[in-house]
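To start, the structure itself, in structure tokens.
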Amino acid sequence: MSSSSSSSIVVGSNISTIYNNSPLLRRFHTAISIDSNSSSLLSLNMAMAICDALISIEGKVIELLVKPVGRQFDYVFYRVKYIEDLREQVQNLEAQRKDVLDSINAAKRNREEILVSVKNWIDKVNGFILEAKEFLEGGTNVNLKCFNGWFPDLVTRCRLGKEAKNKAEEAKELGKEGKFNNNISKPALPLGIESIPSEQFVPYASRNSTMTSVMEALIDEKINIIGIHGIGGVGKTTFVKEIGKKAKSNKHFDEVVMAVVSQNPDIKNIQGQIASMLGFTRLIDQQSEIERASMLYARLKDVKKILVILDNVWAKLNLAAVGIPFGNDHQGCKIIITTRREQVCNSMGMERLRTKIVHLGVLSEKDSWDLFKKNVGDVVDSNVLTVVANEVCKECGGLPIALVTVGNAMKGKDDPTLWDEAARELRKSVPTNIEDIGSKKYFVRAGCNLNDWPKINSLDQYTGISLMRNQISNLPEVLECPKLQILLLQHNKNEWSCSHEFFSRMNALSVLDLSQQLDYNFDCSPDLIRSPDAFNNQTCLRTLVLDRIKFGDTKYLRQLKTLEVLSLRCAFFSEAPNAIRELTNLRLLDMTESHHEFLIPATMVLPLSHLEELYLFGTKYSRRIGDSDPAIEDADLAAEYPIEGPEDPDPAVEVAAALRSWPRLKVLTISIPDIAYIPKDFVFPELESFIIFIGKSSSEASVENYSPNYLVLGNLVGTMVYWSKWLKMVLKRATRLKIVDCSQFEYLINIEEWGISSHAQQLDLQLLFNLEELELSCLVTFKGICAASALTTSSWVCFPKLRSLKVGDCPSLSTVLLPFNLLQRLQHLEKLRVAECEKLEQVFDFGSEGEGMKLLSSLRDLYLIKLPRLKHILNCSSRQHVQLCNLRFMSVVSCDKLKYVFQPSIAQALHQLEVLWVIKCEEMEEIVAAKQNEGQQEEEERVFKSLKKLYLQDLPNLSGFCTGGDDCPFEWPSLEELTVENCPKMKTFAATTSGSTPKLKEVYSDESVIPLQGMDLNQFVQTHIISKPPKLSTINNAELLPKVM
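Under the UniProt record's numbering, the first residue of the sequence shown carries the number 1, and numbering increases by one thereafter.
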């Protein structure tokens, strides 16, 4: 009983400690007291547990109720503190934003791209600061009293305190987010061709055709390299940048990159330029050129279609060393190069690369004036200034850089005396009085139109001087130029000559050109260099060009032991140039079309064992050996290099027989009058490039008209099987072959005549596999390219690369030139010219077995001239046999038996035809024949949609262009030029309607220009052709046709 009482007392004591704090506990205390009589320990423990739980619940309830109330009082009582804290956080955030913006600006100056997260943070901070400042400004002006100021407004104070504290917390979080640790940007995407700065491009009318030609070449899958050449200042760089931009904007290429090569190419620099435009940052300077080339090669191959522009190329560039894939390595990679020298364009073309070469000339007079006026302003429209302004413009020579520079210098100047002075200064050597023209800008004209040597105080610092194509008549006695390396004086007046002291102060000279003008008169001109000691001090000279120079004694050349390149083109020698044989370091000797009083013995050039290039094409001689020939002055040398052959041979023959003496020879041009001079067992050297003429007619040709790897054969007998072994070796590497004046030459290929094994046939036929151009001319007995047996028995008769075929003046050629079984092997034929074959009746024979083969699909140009017995051009049942989808130019002249040019089915397939000439065809009745039974009816197509020029001249029986009813629905949306001359029987143009001609404004007829004035072509014929008497022929021969081929 006592223990129970004590327990009850303890419990009561514990409860009493919090009794006064909780009514709820007091109630439980009462319950416990009532139950104490049970004196159960379990009851006491349970009671205590219940009390603890109630205390915990009570505390939680108090916490949930008291703390929020406390926070509200905090917002009220600490409102000012929270607002000041927010103000401080806003200031910190503004400072942080400024630092980030400074970093952003620095990154932008380095052309880096700002991270999206940084941009978003700036936007969030800008919005927050604006909102926070509005709050701070508004919070200080709020009325914090209520009941007319008797009591404080606790609700408003609480709201302001709460908002200030929350915004301060938000500012702290933004501050943490803005700690970017300088990681705010990344390298920007590479700049494309569009962003490369350039002069504003002006679409000159005189260059539209050039632009079109280049753009067409870019989309031509057969062309890999496009070479654009032109003189300095003509605007090649600006032009090619525009090409690149157009190619990219037209989506011809995925990427367009450009690199400047310069005169001294730096491979690493070129690689770096290309890599930079691709954003290829992994290419670093520490890597070797080979490693960089490999990496760049792989990167370029990743781009499906890419255009690489190499600007300012001076010499052949090794594309593989740079890392540029080409040819079969990457069919989607096209390359454009710009250069001052066409030779560079030729050198960049290789066996695997098809090259398109484009010349960028100076501006036309109209374009020059427009550009000049654009820069100088309307001031030149004044009657007072027009004449002198035109003179100043012409002095700029059509060079855009000169027109812009001079035009800006004279901009706004309306004083005629200033213009007169400018014209005078432009004709002088160096301008000193033209305001605003700096010497660097004026350099492009500084060396033009000079009559005297320029009056310059000092030339000590010059390393190069170019005064070519002037009218300088006198040279100074001595030229003080100790640093001069290049001196170009070609194409000046012919009267001057060099004194023996002229070169004495130019000890560093490496390149010298003293060539004379093209109209050089050897009879009245003095020797250019008279003193035998003229080159005594020239120990560095590597290149000497003396084209069109009159030579007497050439002993002064012996002093030039370091000479590697010597050009004597079109030079005149009154004595044999024996000094050449002592120039043992020569790698290139050019004596093309030079003239000699005496023959040059082979002993003169045999010692030149380092020769790599030798040009002897078209060399001429006045006298033969034995006419007091001073050439043979060294009997020992002649004995050391004996030449076997006919007595008194042509020196070119001697040289040809001595080719084995030059193991390094890679380039050769030579004309040999008779193949009999060369031994049949002669082994020809492995040449990379050659132009070889064999036959008497070769003496009349000019090497300038022929491209590399050209072989001309004259005076040969029989087919290839009879030709010598060395000739077949040359033929195997030839890409262009011309056979002319060969008697007893019936067929190029005649297997029956050969009588040899099939293996030997195969080897001989493979000699033609590389041919791209074939010309057969003046062959009296010629009957055809291949004998019929060759086409039916040998599958090796083919011309897989032939693009151009010319056949002319072959009076024995009859029936068919290209039968079906030969035509199907000419899949790449682009140009065909057949002329003056008086017995030829048919050019093509499609037969019946060619169904669906689409023959002639690559043909672009077709010329048929003076074929009096030709009855058909394309005689096939339907266009299932033939597909002239690429034919652009067609000329039919003096084919008297032709009654029409096209059948309707063929005409409907001429989608690309742009120019059509039909001239002097006596029996021609219509251009497109009336439709006859051509088999299955085909869907009608609009014909001649691309035709731009149509010439119908001297056609006495022509009744109309097409008189066959609705056979061909004509449409002429592109026709720009139409000539109808001497067609007296023409009654109508087309039987029904002639179609609209939106671009045709006038017609040339009977030597008059007649405006259409809304007439269609039928109305024109009715009005201006019918009832007029016939005119005499205005075109008498085919030579008046444009020489496109």
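We put the beta carbon where it would ideally sit given N, CA and C, even for glycine.
Judged by beta-carbon spacing, residue 835 lies beyond the 7 Å limit of residue 873, meaning their Cβ atoms are not closer than that value. Its Cα nearest to that of residue 204, the residue 239 stands out among 239, 214, 318. Residue ranges of uninterrupted beta strand (DSSP E) with 3 or more members, entirely inside the stretch 511–590 and ordered along the chain, are 511–513, 543–545, 565–567, 588–590. When the alpha-carbon of residue 783 is set against those of 749, 772, 800, the nearest one is in 749.
Here residue 91 carries a helix assignment [DSSP, helix/strand/coil]. Cβ atoms of residue 892 and residue 918 come within 8 Å of each other, at about 5 Å.
Burial is judged here by how many other beta carbons sit within 10 angstroms of a residue's own beta carbon; residue 547 has at least 16 and is buried. Closest in alpha carbon position to residue 607, among 223, 118, 663, 533, is 663. In the DSSP assignment, residue 294 falls within the alpha helix (DSSP H) that extends over 289–301. Separation of residue 407 and residue 373 (C-alpha to C-alpha, rounded to the nearest whole angstrom) is 7 Å.
A contact between stretches requires three or more CB pairs, one per stretch, nearer than 8 Å, and the stretch 275–295 fails this requirement with the stretch 225–243. Within its own chain, the residues whose Cβ lies closer than 6 Å to the Cβ of residue 595, once the five positions on either side in sequence are excluded, are 572, 620, listed in chain order.
Rounded to whole angstroms, the Cβ separation of residue 710 and residue 736 is 4 Å, and the two are in contact under 8 Å.
Counting every other CB atom within 10 Å of its CB across the protein chains shown gives residue 167 a total of 16 or more, marking it as buried. In this chain, residue 211 is not harboured by any beta strand (DSSP E); it is covered by the alpha helix (DSSP H) spanning 208–218.
Assignment of residue 912 by DSSP, reduced to helix, strand and coil, places it in the coil class. Out of 393, 274, 127, 538, the CA that lies nearest to the CA of residue 367 is found in 393.
Judged by DSSP in its simplified three-state form, residue 989 adopts coil rather than helix or strand. Within its own chain, the residues whose Cβ lies closer than 8 Å to the Cβ of residue 231, once the five positions on either side in sequence are excluded, are 340, 362, 399, listed in chain order. Take the alpha-carbon of residue 587 and the one of residue 612: they are about 5 Å apart. Apart from the 5 residues on each side of it in sequence, residue 738 sits with its Cβ closer than 6 Å to the Cβ of 712, 775 in its chain, given in chain order. Within the stretch 825–879, the runs of beta strand (DSSP E) at least 3 residues long that lie entirely inside it are, in chain order, 831–835, 840–844, 861–865.
Straight through space, the alpha carbons of residue 275 and residue 305 are spaced by roughly 16 Å. Close CB contacts of residue 659 within its chain, under the 6 Å cut and outside five residues either way in sequence, are with 685 (chain order). Bridge pairing for residue 259: 310 [DSSP]. For residue 1024, the uninterrupted alpha helix (DSSP H) run begins and ends at 1017–1024, by DSSP. Taking a cut-off of 8 Å on C-beta distances, the stretch 251–264 does not touch the stretch 411–422, as fewer than three cross pairs fall below it. For residue 249, the uninterrupted alpha helix (DSSP H) segment begins and ends at 236–249. Here residue 693 is bridged, per DSSP, to 671, 712. If you look at residue 786, you'll find it in the beta strand (DSSP E) that goes 784–786. One alpha carbon belongs to residue 315, the other to residue 558, and they sit about 29 Å apart.
DSSP, read as helix, strand or coil, puts residue 464 in strand. Buried is the label assigned to residue 333, since at least 16 other Cβ atoms lie within 10 Å of its Cβ.
Annotation for residue 888: 860, 912, 914 place their beta carbon closer than 6 Å to its own, counting only its chain and skipping 5 residues before and after. Residue state for residue 82 is assigned as helix, using DSSP reduced to three classes.
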